[in-house]
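Notes to accompany the following structure.
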Amino acid sequence: MTEQQDTQRTRYRSLSDPATLREFASRLGEGIYISTPKGDILDANRAFMEIVGVASLDELKNVKTHDLMDPARRSEETALYESQGSVQSFVFELRRPDGGTRYVRDTSYVVHDDSGELFYHGILVDVSAEKALEAQLTELSVRDPLTGCYNRRYFATLEENQGTNPGATWGCIYLDIDDFKTYNDEHGHTTGDAALVALSRFLLRQLRGNDVVVRVGGDEFVAVLHAANEKHVLQVAQRLQAAAAVADVVPFSMGWCARQDGEGLARTVDRADQQLISVKVLDRDRDRAERRRATS
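Heads up: the sequence shown at position 228 corresponds to 906 in this note's numbering, and the numbers run straight through without jumps.
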């Protein structure tokens, strides 16, 4: 062993000094903590206290790890400790004493002291920014880039979620722009896109906050009305018709219906679409009859 290596080893051993270790831990960006199964936090570094939202170890004495997370998630974490002796990258929403929340990732281990008493040694990382970006990307993936309405991908998720609630009620309004192809040909696609955006905004203004508008393709939209019976769906459809008569939106046709006999959301949408087709056929026949009368 060279003299340089011997000096380095001597310096390395100095890291075992408690004061050196505490100074080292205090400079880390990750939260480090020691806690007990009862939820007492025995020690922690500065980063941990910043994540939790306390200013000192004295304040931390009044905080229990059990209070930092939802009871269901706490049960999951406890089960992992019992079955594996550790928790690896366990992400949960941390509830701070001041009422705020942060998303964190916990990696911790069961440790026994010389007497056999059990403790948890862990590292806590604030991943709130990652979760916010993840939520933003998820939201973008289910939005139509032109209108901002939900897309078919979101509709598939909505259909799956609704299917788990047999007692739920809902209604659907299926609509499309009248002669949109002709409108596009005459005015250009830029104007056509603007018409789609204007219509989507019109629909969102007329509906409740918990209702959703899905652009299912081209000039076709579906409004899904939550907790709605047939009477309510009819009222909304009539309100849309009345508002459209005085609004700056392109003419459109609608078909609507409410859920029946425990059917799935896709079936309700299909029936609303079929009614829309019937409405357009009747309108076309009426227009033809009026033209014949005008020329006779």
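The beta carbon of each residue, even a glycine, is placed where N, CA and C say it ideally should be.
Helix, strand or coil for Val805, going by three-state DSSP, please let me know.
Taking the first residue of the sequence shown as position 1, residue 805 is located at position 127. Val805 falls in the coil class under three-state DSSP.
If Gly826 and His910 are in contact, beta carbons under 8 Å, what's the gap, nearest whole angstrom?
Position 148 of the sequence shown, counted from the start, is the residue given in the question as residue 826. Position 232 of the sequence shown, counted from the start, is the residue given in the question as residue 910. With 8 Å as the limit, Gly826 and His910 do not qualify as a contact, their Cβ atoms being about 25 Å apart.
Helix, strand or coil for Thr785? Go by DSSP, reduced to three states.
Looking up residue 785 in the sequence shown gives position 107. The answer is strand: DSSP assigns Thr785 an E or B state.
Check the C-beta distance from Leu885 over to Ala901 and give it rounded, since I have them as a contact under 8 Å.
Here residue 885 is taken as the residue at index 207 of the sequence shown, counted from 1. Here residue 901 is taken as the residue at index 223 of the sequence shown, counted from 1. Rounded, the Cβ-Cβ distance is 6 Å, consistent with contact.
Can you tell me where the alpha helix (DSSP H) holding Gly849 begins and where it ends?
Within the sequence shown, numbered from 1, the residue matching residue 849 stands at position 171. Not the alpha helix (DSSP H): Gly849 falls in the beta strand (DSSP E), residues 848-855.
DSSP three-state assignment for Ser665, whether helix, strand or coil:
The chain is shown only over 679 to 974; residue 665 falls outside these bounds and no answer can be derived.
Locate the alpha helix (DSSP H) running through Gln913, then write down its first and last residues.
Within the sequence shown, residue 913 is the residue found at index 235, counting from 1. Looking at the DSSP string, the run of the alpha helix (DSSP H) that includes Gln913 is 908-924.
For the beta strand (DSSP E) holding Glu771, just list the boundary residues, first then last.
Numbered from 1 along the sequence shown, position 93 holds the residue referred to as residue 771. Glu771 -> beta strand (DSSP E) spans 764-773.
Quick check on the burial criterion: 16 or more other C-beta atoms within 10 angstroms. Buried or exposed for Asp889?
As a working note, residue 889 is residue 211 in the sequence shown. By the 10 Å Cβ count, Asp889 comes out buried.
Whole-angstrom distance between Thr785 and Ala676, CA atom to CA atom:
An answer regarding residue 676 cannot be provided, because it is not within the stretch 679 to 974 covered by the chain.
I'd like to know whether the C-beta atoms of Val805 and Leu796 end up nearer to each other than 8 Å.
Along the sequence shown, read from residue 1 onward, the residue named residue 805 stands at position 127. Along the sequence shown, read from residue 1 onward, the residue named residue 796 stands at position 118. No, Cβ-Cβ distance for Val805 and Leu796 is not below 8 Å.
Contact under 8 Å by Cβ, Val947 with Tyr852
As a first step, residue 947 is located in the sequence shown; it is residue number 269 there, counting from the start. As a first step, residue 852 is located in the sequence shown; it is residue number 174 there, counting from the start. For Val947 and Tyr852, yes; Cβs fall inside 8 Å.
Counting pairs of beta carbons, one from the region 866-884 and one from the region 806-814, are three or more of them closer than 8 Å?
no
For the putative contact between Leu954 and Asp854, defined by C-beta atoms under 8 Å, what is the C-beta separation to the nearest angstrom?
The residue you call residue 954 lines up with position 276 of the sequence shown. The residue you call residue 854 lines up with position 176 of the sequence shown. Confirmed, Cβ separation roughly 7 Å.
Between which two residues does the beta strand (DSSP E) containing His904 stretch?
Working through the sequence shown from its first residue, we reach residue 904 at position 226. Segment 898-904, the beta strand (DSSP E) holding His904.
Could you check how far apart the C-beta atoms of Val782 and Leu758 are, in whole angstroms? I think they sit under 8 Å.
Here residue 782 corresponds to residue number 104 of the sequence shown, with the count starting at 1. Here residue 758 corresponds to residue number 80 of the sequence shown, with the count starting at 1. Contact doesn't hold; Cβ gap of about 15 Å is too wide.
Taking 8 Å as the threshold, find out whether the region 923-941 comes into contact with the region 823-839 through three or more Cβ pairs.
no
With Asn829 and Val892 assumed to form a contact (beta carbons below 8 Å), what rounded beta-carbon distance in angstroms separates them?
As a first step, residue 829 must be located in the sequence shown, where it is residue number 151. As a first step, residue 892 must be located in the sequence shown, where it is residue number 214. That belief holds up - the Cβ atoms of Asn829 and Val892 are roughly 7 Å apart, short of 8 Å.
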